[in-house]
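J.: Under our numbering, the first residue of the sequence shown carries the number 18, and numbering increases by one thereafter. So that we are looking at the same thing, I have put the structure below in structure tokens.
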Amino acid sequence: GAGLMGLRHLQLYFCEGMLPHDCPPGFPLALASINVTGFLQSYFHLNLVMVPGLESKSTQPTLESFLSACNSQPATLQVLHDRLLLHLAGEWRRLLLRKPLATLLDFSPLLQSTFAHAHGVLSRARAPWDMLDV
């Protein structure tokens, strides 16, 4: 799984004050954070553990763009984590508008759609990555 890196991402997320003041009620933040880290690790070939439901990994050009971005901005993985976590919190908020009594059972499809969203954005991002645009 995401292991120590997942905990570190969550810690930095809190320290940087990224959590929206109006975080949706019931949002499983720790679970979301660890899953996002696990996705990023698997997607960028940093961990051989497969994320359930993740059919694709980064392409060679995407991986090269990621590694180049990490070289110029060491916090690239944290930035991607934080943005995906914010995206996921927004998806949870939209779900609550449609289904006010949403539970953790409703969370897995949001994870999968967030991972698919990330794959689409990252695979279309123009190289070299400008982290303001990714």
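By construction, the Cβ of each residue, glycine as well, lies at the ideal position given by its N, Cα and C atoms. Given the structure is predicted, the values throughout are model-derived calculations rather than measurements.
Under a three-way DSSP split, which group does E33 fall into?
T.: What you label residue 33 is simply residue 16 of the sequence shown in a count that begins at 1. Looking at E33 - three-state DSSP - the assignment turns out to be coil, as it is neither helix nor strand.
J.: Let me know the alpha helix (DSSP H) ranges lying completely inside the segment 44-111, each 4 residues or longer, listed in chain order.
T.: With a minimum length of 4 residues, the continuous alpha helix (DSSP H) runs that stay inside the segment 44-111 are 46-60, 77-89.
J.: Check whether the segment 84-98 and the segment 54-62 are in contact - that is, three or more C-beta pairs closer than 8 Å.
T.: These segments touch.
J.: Could you give the first and the last residue of the continuous alpha helix (DSSP H) run that contains V138?
T.: In the sequence shown, residue 138 corresponds to position 121, counting from 1. From DSSP, the alpha helix (DSSP H) with V138 extends over 124-141.
J.: Report all residues from its chain with a CB closer than 8 Å to the CB of T79; omit the five preceding and five following residues, and keep chain order.
T.: Start at 1 with the first residue of the sequence shown, and residue 79 comes out as number 62. Cβ neighbours of T79 beyond the five flanking positions: L139, S140, A142.
J.: How many angstroms separate the CA atom of V151 from the CA atom of L48?
T.: Translated into the one-based positions of the sequence shown, residue 151 becomes position 134. Translated into the one-based positions of the sequence shown, residue 48 becomes position 31. The straight-line gap from Cα to Cα measures roughly 24 Å.
J.: State the Cα-Cα distance for the pair F44 and T76, rounded to the nearest angstrom.
T.: Mapped onto the sequence shown, residue 44 falls at position 27. Mapped onto the sequence shown, residue 76 falls at position 59. Taking the straight line joining both Cα atoms gives about 31 Å.
J.: Consult DSSP for M148 and reduce its assignment to one of helix, strand or coil.
T.: Start at 1 with the first residue of the sequence shown, and residue 148 comes out as number 131. It is coil, neither helix nor strand.
J.: Using a threshold of 9 Å, state whether the C-beta atoms of Q90 and M22 are closer than that.
T.: What you label residue 90 is simply residue 73 of the sequence shown in a count that begins at 1. What you label residue 22 is simply residue 5 of the sequence shown in a count that begins at 1. No, they are not a contact pair.
J.: Could you name the residues of the same chain whose beta carbon sits closer than 8 Å to that of E33, not counting the 5 residues immediately before and after it, in chain order?
T.: On the sequence shown, residue 33 is found 16 positions in, with the first residue counted as 1. For E33, where only same-chain residues beyond five positions count, the Cβ hits under 8 Å are D99.
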